[in-house]
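A.B. asks: Residue numbers (this note's numbering), protein chains in the order written: chain A, 1 to 221; chain B, 1 to 221. Here a beta-carbon is modelled for each residue, glycine too, at the ideal position from N, C-alpha and C. Handing you this structure, nothing more for now.
Number of protein chains: 2
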Amino acid sequence: MVRQRLHRRDVVQAAIAFIDEYGVQALTMRRLGASLDVEAMALYRHVPGREELLSAAVSELIDNLFDDDLMQETPSSWERYLQCVAHATRRMALKHPKVFPLMISQPPEAPWLRPPLRSIRWVEHFLFSLNHYGFSDNHAVASYKAFTSFLLGDLLLQVSAMDSDATPIPADTREEQDDEDLEDFPTVQRLQSKLAQNHSDREFSDGLDDLIERIRTSLAI
Amino acid sequence: MVRQRLHRRDVVQAAIAFIDEYGVQALTMRRLGASLDVEAMALYRHVPGREELLSAAVSELIDNLFDDDLMQETPSSWERYLQCVAHATRRMALKHPKVFPLMISQPPEAPWLRPPLRSIRWVEHFLFSLNHYGFSDNHAVASYKAFTSFLLGDLLLQVSAMDSDATPIPADTREEQDDEDLEDFPTVQRLQSKLAQNHSDREFSDGLDDLIERIRTSLAI
DNA sequence: ACCTGAACACCGTTCAAGT
DNA sequence: ACCTGAACACCGTTCAAGT
Numbered sequence: 001m002v003r004q005r006l007h008r009r010d011v012v013q014a015a016i017a018f019i020d021e022y023g024v025q026a027l028t029m030r031r032l033g034a035s036l037d038v039e040a041m042a043l044y045r046h047v048p049g050r051e052e053l054l055s056a057a058v059s060e061l062i063d064n065l066f067d068d069d070l071m072q073e074t075p076s077s078w079e080r081y082l083q084c085v086a087h088a089t090r091r092m093a094l095k096h097p098k099v100f101p102l103m104i105s106q107p108p109e110a111p112w113l114r115p116p117l118r119s120i121r122w123v124e125h126f127l128f129s130l131n132h133y134g135f136s137d138n139h140a141v142a143s144y145k146a147f148t149s150f151l152l153g154d155l156l157l158q159v160s161a162m163d164s165d166a167t168p169i170p171a172d173t174r175e176e177q178d179d180e181d182l183e184d185f186p187t188v189q190r191l192q193s194k195l196a197q198n199h200s201d202r203e204f205s206d207g208l209d210d211l212i213e214r215i216r217t218s219l220a221i
Numbered sequence: 001m002v003r004q005r006l007h008r009r010d011v012v013q014a015a016i017a018f019i020d021e022y023g024v025q026a027l028t029m030r031r032l033g034a035s036l037d038v039e040a041m042a043l044y045r046h047v048p049g050r051e052e053l054l055s056a057a058v059s060e061l062i063d064n065l066f067d068d069d070l071m072q073e074t075p076s077s078w079e080r081y082l083q084c085v086a087h088a089t090r091r092m093a094l095k096h097p098k099v100f101p102l103m104i105s106q107p108p109e110a111p112w113l114r115p116p117l118r119s120i121r122w123v124e125h126f127l128f129s130l131n132h133y134g135f136s137d138n139h140a141v142a143s144y145k146a147f148t149s150f151l152l153g154d155l156l157l158q159v160s161a162m163d164s165d166a167t168p169i170p171a172d173t174r175e176e177q178d179d180e181d182l183e184d185f186p187t188v189q190r191l192q193s194k195l196a197q198n199h200s201d202r203e204f205s206d207g208l209d210d211l212i213e214r215i216r217t218s219l220a221i
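Structure follows, in structure tokens:
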């Protein structure tokens, strides 16, 4: 049972797995090393530092989007193409809710590369495809901006909601406290159950449909 | 010149000022203490810890939204109300670009409180107002969710773009490197200038207009 | 009551030394 | 070539001690 030599990719994937389980805060060079049966200092052979490791983890996930089932087909229309990209990205975000928020805190490869498609390879694919479906340059760029903004807002809200679900306060304690705090906020109190209801699947689909409609009409200048 | 006794509010506001200037990463209990002419340990009299201090900074900014000029008038229609809230929030985000992203990484007061309106007081104001303009409960809640999602996506992209502007790489170095890296990405290369163009004001207004239209029609179930 | 100094257990990162 | 051990300069936080 001789251990394989460590490669950069092993380190990055171990980092993703570690964050998935314990969160970014808990990721320490020493602890990550231990999870690979290695001293922390060995990691610096393969990665320049902690910051760059987090960047690499994000890039790894974005690049993996190309392997998603949804991206294997070549969609028959730009509407279906956007649906594929959106749902593949969403699937990735929901699979790695604790890694996804790093998308915005990490320095971009290029400043005009907007999250969550922060990978030149990806943006090339996106813009090239829209061009291919007949979009003008201006229309393609405007759509890219609207699309990334939509994805970021929706997915970030979803994954941050998942985080708080993950560490639930015991039910009776929480409800009591809420009722106390909410005395001065009657509308919130009355609508509390509606606010807490999770229809994120539907909200995402509906928002996406509306965005596509918007791209079809008002953005087509 | 006897120094005033330190209050919690001083600490929180010093934290905001510090982050505005040096970024969250740089905010250290010791350094923040020094900026207040006090040892780090004195801060723990007024604040339970670093994490809670960051939360308090975010809450402080959200609560200050009520003082914004735009919120002083009582708008004549729900459309104008949403415009006021949106622009006040945007103004705050642009004034504190390095604090704003904490909105999503900080644990919420209540799990169903969605950023960037992560303040019960604020959500009460929002929902109560929409009710007052004649929205049904369901319509008000659906609008709240769509509105927060829009704000978060748009503003987060804007402030993260401001961050990379703040630490610009010397022009000649950057352009050369980009041109090299972009050889395999012809579409991105061709559209690079369009991608880099900043029309965030217009994009925000247009997106907001479309959202309002969407709330008027498709969300009114 | 409020602040300080010393201390503890941890970080990221460097570098010479081992194999 | 790759990993380790010891070390450095920093963290957040605790606690007894000062005023």
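Would you decide whether B/T89 is buried or exposed? Buried here means 16 or more other CB atoms lie within 10 Å of its CB.
C.D. replies: buried
A.B. asks: Could you check what DSSP says for A/V159 in three-state terms: helix, strand or coil?
C.D. replies: helix
A.B. asks: Classify A/Q25 as helix, strand or coil using the three-state DSSP reduction.
C.D. replies: coil
A.B. asks: Buried or exposed: B/Q4, going by 16 or more other Cβ atoms within 10 Å of its Cβ?
C.D. replies: exposed
A.B. asks: For B/L113, which three-state DSSP category applies?
C.D. replies: coil
A.B. asks: Rounded to the nearest angstrom, what separates A/T187 and B/Q25 at their Cα positions?
C.D. replies: 38 Å
A.B. asks: Let me see if you follow: with CB-CB separation under 8 Å, is A/T187 close to chain B or not?
C.D. replies: yes
A.B. asks: Going straight from the alpha carbon of A/A142 to that of B/L36, what length do you get?
C.D. replies: 46 Å
A.B. asks: State the DSSP-derived secondary structure class of B/R174, mapped to helix, strand or coil.
C.D. replies: The pLDDT assigned to B/R174 is 48, lower than 50, so where the model puts this residue is not dependable, and the model offers no usable value.
A.B. asks: Does the distance from the CB of B/A56 to the CB of B/V12 come in under 8 Å?
C.D. replies: yes
A.B. asks: Tell me whether B/D209 is buried or exposed, calling it buried when 16 or more other Cβ atoms sit within 10 Å of its Cβ.
C.D. replies: exposed
A.B. asks: Return the residue from the list B/D206, B/R45, B/L113 that minimises the CA-CA distance to A/A196.
C.D. replies: B/L113
A.B. asks: If the cut-off is 9 Å on Cβ atoms, which residues from the region 69-96 of chain B count as contacting chain A, listed in chain order?
C.D. replies: none
A.B. asks: Kindly indicate the opening and closing residues of the alpha helix (DSSP H) around A/E39.
C.D. replies: Taken as a continuous stretch (DSSP letters only), A/E39 belongs to no alpha helix (DSSP H), as it is neither H nor E.
A.B. asks: Could you pull out every residue in the same chain whose Cβ sits closer than 8 Å to the Cβ of B/T148, ignoring the five residues on either side in sequence?
C.D. replies: R114, P115, P116, L117
A.B. asks: For A/D69, count neighbouring Cβ atoms within 10 angstroms of its own Cβ and tell me buried if that reaches 16, exposed if not.
C.D. replies: exposed
A.B. asks: Going along the chain, which residues of its own chain have a beta-carbon closer than 6 Å to the beta-carbon of B/V47, five neighbours each way excluded?
C.D. replies: Contacts found: V11, L53.
A.B. asks: Give a yes or no on whether the C-beta atoms belonging to A/E60 and A/I16 are separated by under 8 Å.
C.D. replies: yes
A.B. asks: Between the region 1-35 of chain A and chain B, which residues of the former have CB atoms less than 7 Å from a CB of the latter, in chain order?
C.D. replies: none
A.B. asks: Might you give, ordered along the chain, the residues of its own chain that have their beta carbon closer than 7 Å to the beta carbon of A/M103, omitting 5 neighbours on each side?
C.D. replies: V58, P115, P116, R118
A.B. asks: Whole-angstrom Cβ separation of B/A161 and A/P111, contact assumed at under 8 Å?
C.D. replies: B/A161 to A/P111, Cβ: 7 Å. Contact.
A.B. asks: Do B/L6 and B/I19 have their C-beta atoms closer together than 8 Å?
C.D. replies: Taking 8 Å as the cut-off, the beta carbon of B/L6 is found no closer than this to the beta carbon of B/I19.
A.B. asks: Got a sec? Which residues, its chain only, sit under 8 Å from A/L127 by beta carbon, not counting five neighbours each side?
C.D. replies: A140, V141, Y144
A.B. asks: Using the beta-carbon of each residue, which ones in chain A are nearer than 7 Å to B/P101?
C.D. replies: I104, S105
A.B. asks: Assuming contact is defined by CB atoms lying nearer than 8 Å, are B/I215 and B/A146 in contact in what I supplied?
C.D. replies: yes
A.B. asks: Answer with yes or no whether the minimum CB distance from A/P48 to chain B is below 8 Å.
C.D. replies: no
A.B. asks: Which complete alpha helix (DSSP H) runs does the region 76-133 of chain B hold, if anything under 4 residues is left out?
C.D. replies: Assignment of alpha helix (DSSP H) within the region 76-133 of chain B, counting only whole runs of 4 or more residues, yields 78-95, 102-105, 120-132 in chain order.
A.B. asks: Using only alpha-carbon positions, find the residue among B/S205, B/D206, B/S218 that is nearest to A/E203.
C.D. replies: The candidate whose alpha carbon is nearest that of A/E203 is B/S218.
A.B. asks: Could you check which residue in A/D137, A/N131, A/P108, A/D206 has the C-alpha nearest to that of A/E51?
C.D. replies: A/P108
A.B. asks: Within 8 Å of any Cβ in chain B, is that where the Cβ of A/N138 sits?
C.D. replies: yes
A.B. asks: Taking the straight line between their C-alpha atoms, what separation do you get for B/S205 and A/F150?
C.D. replies: 15 Å
A.B. asks: Looking at the unbroken alpha helix (DSSP H) that takes in A/Q189, where does it start and where does it end?
C.D. replies: Unbroken alpha helix (DSSP H) run through A/Q189: 186-196.
A.B. asks: Rounded to a whole number of angstroms, what is the C-alpha to C-alpha distance between B/I169 and A/L94?
C.D. replies: Caution applies to B/I169, whose pLDDT of 48 falls short of 50 and renders its modelled position unreliable; the value that the coordinates give is listed next. If you take the alpha carbons of B/I169 and A/L94, they lie about 34 Å apart.
A.B. asks: So which residues of chain A does B/F128 contact, with C-beta pairs closer than 7 Å?
C.D. replies: T187
A.B. asks: Let me see if you follow: with CB-CB separation under 8 Å, is A/E124 close to chain B or not?
C.D. replies: yes
A.B. asks: For B/A14, I'd like the list of residues in its chain whose CB is within less than 7 Å of its CB, leaving aside the five on either flank, ordered along the chain.
C.D. replies: L32, S35, L36
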